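Right, one structure below, let's go through it.
In UniProt numbering, the protein residues as written are 1 to 192.
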């Protein structure tokens with residue numbers, strides 16, 4: 001006679017989050033050529049191992065082929081760690097806020113591996129730029145940035161067998177440590 005045992009575990013991805021608002025005042029005074037950019041002050045995400053970013057805005061477009069669009073880039077600058085990570089996995093939502101109301105937003109998931117910048121090359125058509133400029137002549141760009149940090153796993157030492165009975169809590173801590181140590185091992189039991 002055979003039996004089946006069921007073990008339960010959960011894995012949770014953890015992340016660091018940041019909400020960054022950048023306001024450009026007197027926006028209508030800005031006169032840039034295609035390819036000219038404005039950079040935000042840098043900001044950081046995380047506590048122990050901070051990662052630094054800034055935003056780059058191309059008010060007249062980045063290139064002549066797309067000069068009718070407002071461009072926004074998120075740029076990874078550096079980390080506090082002495083060892084640079086192989087990649088940084090993140091999700092970012094960039095929103096334009098006009099008089100406390102989100103008028104445009106876009107979300108992307110990106111890995112900063114080979115490039116230090118990611119962005120929205122055709123974020124907003126310049127023909128409709130007035131929708132982005134507030135009544136006090138400013139543009140506010142908000143970046144909601146979430147960076148993957150790590151996985152955390154928890155193992156439930158309770159065993160559920162095919163009769164839906166749970167074993168009593170394990171009183172001996174050495175046995176519990178052995179169970180946790182082998183949590184990624186597949187266990188087969190045979191009943192004769």
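Each residue gets a CB set at the ideal place from its N, CA and C atoms; glycine is no exception.
As the structure is a prediction and not an experimental result, all values here were calculated from the model.
Assignment of residue 130 by DSSP, reduced to helix, strand and coil, places it in the helix class. Here the alpha carbon of residue 30 sits roughly 11 Å from the alpha carbon of residue 58. With respect to the C-alpha of residue 93, the residue from 10, 17 and 136 having the closest C-alpha is 17. Distances from the alpha-carbon of residue 153 to those of 3, 10 and 4 put 10 closest.
Residue range 88-98 is occupied by the beta strand (DSSP E) that includes residue 92. Straight-line measurement puts the Cα of residue 87 at about 25 Å from the Cα of residue 95.
Between residue 19 and residue 142, the C-beta gap is smaller than 8 Å, which places the two residues in contact. Annotation for residue 89: 111 and 148 place their beta carbon closer than 6 Å to its own, counting only its chain and skipping 5 residues before and after.
Close CB contacts of residue 116 within its chain, under the 7 Å cut and outside five residues either way in sequence, are with 75 and 76 (chain order). Using a Cβ distance threshold of 8 Å, residue 27 and residue 55 do not count as a contacting pair.
DSSP places residue 75 in the uninterrupted beta strand (DSSP E) bounded by 69-79. At least 8 Å separates the beta-carbon of residue 151 from that of residue 69. In the structure shown, residue 66 falls within a helical segment according to DSSP collapsed to helix, strand and coil. Straight-line spacing of the CA atoms in residue 52 and residue 109 works out to 17 Å.
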